[in-house]
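One structure is given below, encoded as structure tokens.
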Amino acid sequence: MATQKRRWLRWVWGTCVTLLLLPAAITLIFAVVPVPLTPLMLIRSFEGAGIRKQWVPLDQISIDLQRSVVASEDMGFCKHYGFDQAALEKAWESYEQGGKLRGGSTITMQTAKNVFLWPDRTFVRKGLEAWLTLYIETLWSKQRTLEVYLNIVEWGSGVYGAEAAAQFHFGKSAAALSSKEAALLATVLPNPRRMSASKPGPYVRTQAETVEYRAARLGEYGDCLPKPKKP
-1 MATQKRRWLR WVWGTCVTLL LLPAAITLIF AVVPVPLTPL MLIRSFEGAG
49 IRKQWVPLDQ ISIDLQRSVV ASEDMGFCKH YGFDQAALEK AWESYEQGGK
99 LRGGSTITMQ TAKNVFLWPD RTFVRKGLEA WLTLYIETLW SKQRTLEVYL
149 NIVEWGSGVY GAEAAAQFHF GKSAAALSSK EAALLATVLP NPRRMSASKP
199 GPYVRTQAET VEYRAARLGE YGDCLPKPKK P
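Spelled out as structure tokens, the structure:
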């Protein structure tokens, strides 16, 4: 009986250590190695969407796109440590009032979700996302986090990353995107399979104008980003 108990305790201990160390090891690897595939890519591919992607370093992605995505998705990206407390509290208040479990995600949290997890809105998934966010925030620079995010995020059915998105929507490289095109791409990120950067409706066009304006005027909120190009 005692032997069986010791075996059980060793199994539990080994499992806990593995769950702690394996994500850390993978995060360290992806600090320098491009992320080859994500769970979402595999799911979409299984559904028949295919996978169109091309990894490019951050310095080959338009400065305007970098700033537009931060302006649109996470204004506090350069300042926070992976979590936006005010946004999380707002999302929780909405949930308590009967809304869905959504919102409050930073770029770091979205990167953790895209790299490691499946698309879902359960507490279990959100808890894992928060845990993995801590690894990313600790082991990666802000620049690496943004580089990974911009290379794996979905920008259309089967379209992933800035380079594939730029080619698909505008027929040019990610480095050559204009500020307007960058703002359009950033605007459709919340729902890239229903909104189009290359065929924007009135809502997308209006929102993109706001994003373009904010991206050029991030001020101290853009401290970890390249400065905007002079007109």
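Residues in the sequence shown are numbered from -1 upward in steps of one, following our numbering. In this text, a Cβ means the ideal position worked out from N, Cα and C, and glycines have one as well. Because the structure is a prediction, the values reported are computed rather than measured.
Handout entry: Supposed contact pair Leu175 and Met60 - C-beta distance, whole angstroms, cut 8 Å
Key = Correcting the residue type first, residue 60 is Ser in the shown sequence and not Met. With 8 Å as the limit, Ser60 and Leu175 qualify as a contact, their Cβ atoms being about 4 Å apart.
Exercise for the section: Note down, one range per segment and in chain order, each alpha helix (DSSP H) of at least 4 residues found wholly within the stretch 17 to 49. Expected result: 37 to 44
Practice task
State whether the stretch 157 to 174 contacts the stretch 118 to 135, with contact taken as three or more CB pairs (one from each stretch) at a distance under 8 Å.
Solution key: no
Handout entry: Ranges of the alpha helix (DSSP H) found wholly within the stretch 188 to 225, counting only runs of at least 4
Key = 200 to 213
Exercise for the section: Compare the beta carbon distance of Asp118 and Thr104 with 7 Å and say whether it is the shorter of the two. Expected result: no
Practice task
For Tyr158, write down the residues that DSSP places opposite it in a beta bridge.
Solution key: Lys51 and Glu152
Practice task
Find out if the Cβ-Cβ distance for the pair Ala244, Leu137 is shorter than 7 Å.
Solution key: Shown here, the chain extends from -1 to 229; a query on residue 244 therefore has no answer.
Handout entry: Meets three-Cβ-pair contact criterion under 8 Å: the stretch 29 to 40 and the stretch 183 to 192
Key = no
Exercise for the section: Within 10 angstroms of the Cβ of Gly220, are there 16 or more other Cβ atoms? Answer buried if so, exposed if not. Expected result: buried
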